[in-house]
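Step one of this worksheet: look at the structure below.
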Amino acid sequence: MTFKDWISYLIKRMIWYMETPRTERKAIKASTREPWSVRWFGMIPFSMKMYVDKQRSRLRGGTSEK
Numbered sequence: 277m278t279f280k281d282w283i284s285y286l287i288k289r290m291i292w293y294m295e296t297p298r299t300e301r302k303a304i305k306a307s308t309r310e311p312w313s314v315r316w317f318g319m320i321p322f323s324m325k326m327y328v329d330k331q332r333s334r335l336r337g338g339t340s341e342k
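Just so you know, we're using my numbering here: the sequence shown kicks off at 277 and counts up by one.
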């Protein structure tokens, strides 16, 4: 990537940033970002949370499975 390409890329990004409303930028950022636990450790924390939630609901009498 040459210096000229790099400058043109930066200018395009800056123009996009200035033209898009703040709320839209925040919405895009929030929709693309994943939780830090998934980002650092993958699906393991998510699966453990699902398991714990299921056990809690079972112990509280949520659904009666036989």
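All residues carry an ideal CB built from backbone N, CA and C; glycine is no exception.
Given the structure is predicted, the values throughout are model-derived calculations rather than measurements.
TODO: Would you mind working out which of K325, E300, G337 sits nearest V314, comparing C-alpha positions?
DONE: K325
TODO: Please classify R315: does DSSP put it in a helix, a strand, or coil?
DONE: helix
- [ ] Could you tell me the distance, in whole angstroms, from the CA atom of G333 to the CA atom of Y327?
- [x] Reading the sequence as shown, one finds Ser at residue 333 and not Gly. Each residue's Cα considered, the two are about 10 Å apart.
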